[in-house]
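2 protein chains.
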Amino acid sequence: MPLPWGLCLVNRMCRSWAGPARKTTPPLLGCCARRLTLSTQKRTSDLNSFVVRTNTCGELRSSHLGQEVTLCGWIQYRRQSLFLVLRDFHGLIQVVIPQDESAASVKKLLCEAPLESVVQVTGTVISRPPGQENPKMPTGEIEIEVKTAELLNSCKKLPFEIKDFMKKTEALRMKYRYLDLRGSQMQYNLRLRSQMVMKMREYLCNLHGFVDIETPTLFKKTPGELLQALEFERRNGNSSFLKEFTFYWGSTTWTQISPHKGAKEFVVPSREPGKFYSLPQSPQQFKQLLMVAGFDRYFQIARCYRDEGSKPERQPEFTQVDIEMSFIDQTGIQKLIEGLLQYSWPKDKNPLTIPFPSMTYTEALDIYGTDKPDTRFGMKIVDVSDIFRNTAIEFLQDVLKEPQGTIKTICIPGGAKYLQSKDFEAIKKFAVSNFNQEVSPLFLKTSESRKSPLTKLLKEEEKSALVSLMKAQEEDVLLLTAGEYKKVCSLLGKLRLECADLLEARGVVLRDPAVFHFLWVVEFPLFLPKEEDPTELESAHHPFTAPHPSDIHLLYTEPEKVRSQHYDLVLNGSEIGGGSIRIHNAEQQQYVLETVLKEDVKLLSHLLQALDFGAPPHGGIALGLDRLVCLVTGAPSIRDVIAFPKSFRGHDLMSNAPDYVSSEDIEPYHIQVKRPEVTDRKDIKSVICETESSQQLVLPSRAKT
Amino acid sequence: MPLPWGLCLVNRMCRSWAGPARKTTPPLLGCCARRLTLSTQKRTSDLNSFVVRTNTCGELRSSHLGQEVTLCGWIQYRRQSLFLVLRDFHGLIQVVIPQDESAASVKKLLCEAPLESVVQVTGTVISRPPGQENPKMPTGEIEIEVKTAELLNSCKKLPFEIKDFMKKTEALRMKYRYLDLRGSQMQYNLRLRSQMVMKMREYLCNLHGFVDIETPTLFKKTPGELLQALEFERRNGNSSFLKEFTFYWGSTTWTQISPHKGAKEFVVPSREPGKFYSLPQSPQQFKQLLMVAGFDRYFQIARCYRDEGSKPERQPEFTQVDIEMSFIDQTGIQKLIEGLLQYSWPKDKNPLTIPFPSMTYTEALDIYGTDKPDTRFGMKIVDVSDIFRNTAIEFLQDVLKEPQGTIKTICIPGGAKYLQSKDFEAIKKFAVSNFNQEVSPLFLKTSESRKSPLTKLLKEEEKSALVSLMKAQEEDVLLLTAGEYKKVCSLLGKLRLECADLLEARGVVLRDPAVFHFLWVVEFPLFLPKEEDPTELESAHHPFTAPHPSDIHLLYTEPEKVRSQHYDLVLNGSEIGGGSIRIHNAEQQQYVLETVLKEDVKLLSHLLQALDFGAPPHGGIALGLDRLVCLVTGAPSIRDVIAFPKSFRGHDLMSNAPDYVSSEDIEPYHIQVKRPEVTDRKDIKSVICETESSQQLVLPSRAKT
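Next up, the structure:
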């Protein structure tokens with residue numbers, strides 16, 4: 001649901017660093033490598049073990065003066081025939097090309113090797129001559145006086161330079177991903193990811209006795225998996241509002257859900273005719289069964305699969321930090337995750353403060369109009385209904401007479417100064433077309449010429465009451481809308497985010513990219529009324545979610561009022577994790593499935609049976625690793641924290657996967673391609689040509705994604 | 001190629017612990033849990049963080065006397081109404097059921113809860129009365145005086161008891177895998193696996209600066225992958241002999257190899273008609289490209305896929321420890337792996353001595369008749385040709401006249417005592433039917449009535465020369481065979497292993513199950529003559545393997561003589577890993593592909609291009625994690641070190657995967673099932689019934705696998 005105005009180029013993912021107000025720039029290789037080394041890599045880590053080099057290029061300092069070193073790296077840069085800069089993953093070092101006759105062969109080698117050639121040099125660490133130090137380079141005080149050099153591999157002309165500031169299309173980056181990954185930013189991202197995951201493992205395995213258990217990825221499609229899919233959809237912004245949410249939940253039976261939606265499970269044909277494995281969207285069933293199995297602290301960095309066709313910011317395979325515990329309550333899981341994130345948080349970021357703040361689902365919807373609020377800035381939704389209890393304005397009167405009728409507003413700080421008339425037009429159009437709802441800007445500056453109809457209708461006391469309640473300044477603009485509660489909240493929640501983007505695009509600093517706001521959203525409803533028949537209920541997340549302990553009695557009387565023990569973890573307005581305490585009692589599970597949800601319990605009989613065989617109380621959570629690392633590194637896309645991502649159409653542009661296969665390849669699986677004209681394997685040559693020519697069309701430009 | 005005699009029940013996998021001579025028994029839960037805790041779990045690990053319990057059941061000792069504790073666990077056992085034994089993953093503890101009136105409700109709960117119910121008890125740690133201590137139980141000096149108890153979940157009648165000594169069919173174990181996993185042996189296996197993997201990660205990531213990088217599993221079928229498949233086949237015993245090996249290599253082009261063989265890559269249909277992903281058999285291409293990308297120390301605990309149809313001891317998905325390094329040589333990789341295994345080796349096993357011994361491929365074939373020798377026992381193959389240079393025995397004369405003719409023997413210690421006539425008949429039959437080769441047993445005891453024809457033909461000096469050369473004892477039997485060198489070695493290599501099994505089945509201790517013999521096998525040939533045209537060459541492993549540095553000059557003159565930089569790691573006669581230094585020079589790679597192998601280089605153009613863009617020298621290795629953990633734990637099958645394994649037919653018996661899917665489920669993938677009668681989704685009920693009834697047929701009994 002993109003806003004229609006062209007100014008809003010930045011998408012939700014980029015919110016924290018895009019726009020002119022953001023100060024983050026990709027770190028230079030030297031700096032980034034140093035930062036990473038200092039912070040996350042342990043001192044005991046030996047980067048030079050087993051290999052021929054004595055040191056990495058980036059680690060040498062004045063303290064190494066006089067040492068004879070052997071370095072291996074890529075030629076980054078050459079200044080005349082005097083110096084060359086050698087690069088490895090750890091940084092840059094200046095190498096002095098020897099000029100004397102006796103070293104003519106070394107000079108020739110170092111002067112003639114093309115850039116990005118791989119060389120090995122042995123020499124002495126010396127001081128740079130006074131005045132030639134480079135304070136911007138971590139190794140800038142020293143250089144290498146070369147004695148011997150060896151060309152390990154020569155480099156041909158590259159399709160692009162290995163420099164972060166070099167602009168290249170994403171299609172080109174993906175085709176030559178192995179060159180793209182040489183850039184310092186990608187090195188930083190993937191190394192940081194590895195370090196964070198390692199710290200998470202230390203925390204879970206070594207500090208808290210978790211067992212890392214691998215679960216199958218060749219599984220089968222089951223109701224549980226479908227429910228997970230829905231939950232994922234909801235979590236990832238396809239349905240952050242109740243309205244959309246219930247729309248997605250509008251199907252009646254488990255088996256019917258999937259075909260109604262975009263997300264599907266990949267199928268893997270087996271050698272038995274008609275039988276397929278499926279690639280699971282999460283290990284949900286296995287982790288619950290592991291609890292029944294007595295592995296009371298399970299975790300896995302789990303590869304999951306989801307076929308959503310062509311969607312930006314989705315990957316057909318992704319990774320989640322999957323956790324389940326027995327004998328645990330919601331607070332326990334929350335403490336565990338807070339500890340986990342604090343422990344694994346990169347040292348070059350501001351340390352995390354725990355516990356994270358918590359907010360109920362109801363509050364989140366009320367104040368932020370979404371279940372994943374970005375709490376880095378204010379502009380909260382305020383209920384101003386009371387001001388208009390005795391208003392003369394007719395349409396406001398009408399709204400307040402309705403049972404769910406409400407009047408709410410948000411305040412755009414400096415809105416009169418930074419936003420233009422066309423922005424407000426766009427806002428109004430957006431509200432009408434997406435929510436069928438009127439929204440009125442209220443300009444507070446008396447001299448303001450751009451007065452909305454509402455401004456004229458308002459009594460002075462109403463206006464001053466508004467200004468006082470909203471603590472509004474003269475330059476601010478209020479956005480006021482009246483209508484049904486949930487619609488109003490949702491609309492203002494959207495407008496809050498879009499106006500923040502607009503303000504930041506105009507230079508206002510609202511969200512510091514160095515700041516990370518974690519937030520728990522809790523007390524979701526356990527059930528929601530079905531869209532098509534509100535007298536019936538369906539699970540808000542999945543039918544295994546346990547009811548809130550205080551509400552269990554309501555399960556049997558007023559199930560629609562039961563809050564759940566589901567919790568979401570939100571970071572800077574993105575949901576990065578979610579989980580719940582599960583039902584461990586077979587009878588309660590059966591009651592929920594049969595009586596409340598009117599489901600066919602036979603479909604879940606093996607889970608019910610497992611619960612009957614001594615299932616302990618248990619609960620868990622899953623964190624989206626790609627998204628988390630993306631937010632932590634400030635990468636513009638999750639593709640920038642994945643070594644070999646797929647394009648938004650699900651293609652690997654380097655290898656051209658997926659590709660045509662021969663009929664022999666699929667013959668053992670008793671399947672055939674439905675369109676006969678493409679069944680046969682194309683000639684290899686034509687396939688390669690197709691790859692080359694289609695490169696430019698496959699990916700959108702980075703700015704658009 | 002199983003031996004035909006019925007006595008040889010144990011398969012290669014079981015060799016180290018099956019048979020009456022083996023002393024390993026599954027550890028009792030208390031012991032195993034204690035051992036695991038003491039050895040591999042760090043002292044800093046807090047098993048009680050975040051949860052309601054204060055202690056695990058297994059950790060309490062006399063030092064806890066007087067402490068009030070809260071425990072959660074499963075009721076393992078109850079003695080009258082006096083005691084119950086509570087179990088968690090950590091061990092067992094005795095709980096005293098209170099007998100006084102005031103605790104009647106606690107007594108009732110603890111007496112009435114069925115076995116395997118989950119309870120929480122709070123009470124005081126007290127000493128057991130004198131004489132009632134149980135020294136076999138780690139917690140045997142103490143017991144719990146209960147104050148309060150809560151039934152967390154009641155347990156219905158289980159399909160089998162949770163006791164290791166309870167015999168149950170593997171089909172039943174798999175159907176109720178979550179119950180099977182409660183057993184102490186499975187808990188031990190999976191926890192040990194997790195701990196070993198964690199130690200490996202510490203070693204790689206923290207001690208040596210490796211970067212954990214996830215590579216895609218939705219990829220495409222490529223020549224490289226096919227070659228990996230072949231290598232895997234060879235490694236896993238389908239072709240341990242050159243003869244079989246070249247048979248598998250008998251196809252001429254990459255694309256033709258796969259359809260000829262059993263192993264295939266799973267295909268995953270995409271939403272583009274006719275285009276498929278494939279699930280890769282290893283990350284080989286990605287790891288080499290990561291070297292080009294400058295990630296000079298990569299590792300991944302990688303999920304790999306291989307569709308081999310129904311084969312015992314194979315899993316359609318498996319895990320390998322995948323490693324690649326830049327600027328490394330063969331010695332470097334070997335040292336790295338030795339350090340890795342030593343560091344991650346369980347503390348309850350005998351510590352590993354490094355470096356591991358090394359043997360050339362030629363030596364291995366010569367002495368053990370296989371490229372993965374089990375060096376835990378002798379019975380080496382000895383060349384006795386010289387003894388027969390002037391023999392009067394005609395068929396031996398004839399053999400020695402042939403260019404590759406040889407006479408070799410192995411000595412079966414105590415063979416005359418332990419083996420029976422029918423055993424020798426079976427040995428002879430095996431040699432004829434599998435190798436078309438005569439083998440003659442030679443009984444050394446003069447009183448031995450079971451004299452073979454050869455025994456009668458032998459001159460006394462020949463016999464005494466043999467006895468002297470073989471250092472044979474009176475009760476020993478020599479197996480002598482004459483023929484073409486490789487055939488003779490292969491046959492005697494097989495017979496050596498089978499005779500060892502026979503001897504062990506008769507009570508002879510040949511291989512101590514507590515002993516682990518690692519062995520490097522090195523200097524494999526780089527190329528082998530093609531079976532169907534020995535004037536042409538093909539890669540012995542894969543075309544990316546680098547030639548041995550001393551043999552590079554031969555590449556251009558006598559390529560058939562070039563040794564490779566490939567290395568295999570063998571443990572107790574099983575290959576658990578293999579790797580090589582790769583070719584990093586595009587020209588050399590092109591020469592090998594085009595001139596030596598006569599391949600179409602276009603198929604590998606992207607790899608050649610990457611080598612041209614500054615590829616560093618690099619090499620790597622992959623360890624088969626499932627196999628390694630299986631050998632370390634002494635499990636009878638790799639299924640016992642995998643949480644949710646598939647049956648040998650590739651089925652998940654718990655969920656009944658793979659299963660029929662609806663036509664809607666596959667419709668977006670433009671495929672259809674070839675046999676129309678099974679295209680439609682079966683009625684759920686009938687599918688469930690089918691699962692139930694087919695359980696008993698799907699898996700072979702454990703003894704057979």
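Line by line, the protein sequences are chains U and E. The numbering used here puts the first sequence at residues 1 to 705. The numbering used here puts the second sequence at residues 1 to 705. For glycine and all other residues, C-beta sits at the position ideal for the given N, C-alpha and C. Note that this is a predicted model, so its numbers are computed, not measured.
Cβ atoms of U:E265 and U:K221 come within 8 Å of each other, at about 5 Å.
Listed in chain order, the non-local C-beta contacts of U:S344 below 7 Å within the same chain comprise M196, K199, M200, Y203, local neighbours out to five positions each way being set aside.
E:R297 is the residue among E:R297, E:L82, E:H584, E:G414 whose C-alpha sits nearest the C-alpha of E:I333. In the DSSP assignment, E:G415 falls within the unbroken alpha helix (DSSP H) covering 415–418. Annotation: the continuous beta strand (DSSP E) that includes U:A302 extends over 297–305. The residues L290, F295, Y298, Q300, in chain order, have a CB closer than 7 Å to that of U:I213 in the same chain once the five nearest residues on each side in sequence are set aside. Within the model, the alpha-carbon separation for E:G378 versus E:R389 is close to 26 Å.
U:S117 counts as buried, since at least 16 other C-beta atoms from the protein chains shown sit within 10 angstroms of its C-beta. E:D307 and E:P316 have their C-alpha atoms spaced approximately 5 Å apart. Residue-level contact by beta carbon holds for E:Y277 and chain U, with a gap shorter than 8 Å. Under the 10 Å beta carbon count, E:Y361 is surrounded by 16 or more other beta carbons and is classified as buried.
For E:M379, no CB of chain U lies under 8 Å from its own CB, so it is not counted at the interface with that chain. Per DSSP, reduced to three states, the secondary structure at U:R627 is helical. Taken through DSSP and simplified to helix, strand or coil, E:H618 comes out as strand. The residue from U:R639, U:R191, U:T633, U:P114 with its alpha-carbon nearest to that of U:I75 is U:P114. U:E599 sits in coil when the DSSP states are folded into three classes, being neither helix nor strand.
About 5 Å separates the CB atoms of U:T375 and U:H517; that is less than 8 Å, so the two are in contact. Counting along the chain, U:P269 sits inside no alpha helix (DSSP H); it lies in the beta strand (DSSP E) bounded by residues 267–269. Classified as exposed, U:Q67 has fewer than 16 neighbouring CB atoms from the shown chains inside 10 Å of its CB. Taking 7 Å as the upper bound on Cβ-Cβ separation, chain U lies near residues L190, R191, S194, V197, M198, R201, C205, N206, L207 of the region 190–207 of chain E. The beta-carbon of E:A171 is placed no less than 8 Å from the nearest beta-carbon of chain U. By the Cβ neighbour-count rule, E:S452 is buried, with 16 or more other Cβ atoms within 10 Å of its own. Our two residues, E:W520 and E:S45, have alpha carbons roughly 35 Å apart in a direct line.
E:P529 is bridged by DSSP to E:L537.
The criterion of a C-beta distance shorter than 8 Å is not satisfied by E:N48 and U:P616. Rounded to whole angstroms, U:P273 and U:I666 show a C-alpha spacing of 12 Å. Residue contact with chain E for U:A293: present (Cβ-Cβ distance below 8 Å to some residue of chain E). Taking every protein chain shown into account, the CB of U:R79 has fewer than 16 other CB atoms within 10 angstroms, so this residue is exposed.
Between the region 482–490 of chain U and the region 423–432 of chain U there are fewer than three C-beta pairs closer than 8 Å, too few to call the two in contact. If you ignore the 5 residues before and after U:G209, its C-beta comes within less than 7 Å of the C-beta of R297, all in its own chain and listed in chain order. When DSSP states are grouped into helix, strand and coil, E:H670 belongs to the coil group. As for any beta strand (DSSP E) of minimum length 3 sitting wholly inside the region 329–385 of chain E, the runs are 358–360, ordered along the chain.
According to the DSSP assignment, E:Q94 belongs to the beta strand (DSSP E) that extends over 91–96. Taking 8 Å as the cut-off, the Cβ atoms of U:Y277 and U:L336 do not count as close.
In this structure, U:V119 sits away from U:I144, with a CB-CB distance that is not shorter than 8 Å.
Going by DSSP, U:C499 is part of the alpha helix (DSSP H) stretching over 485–505.
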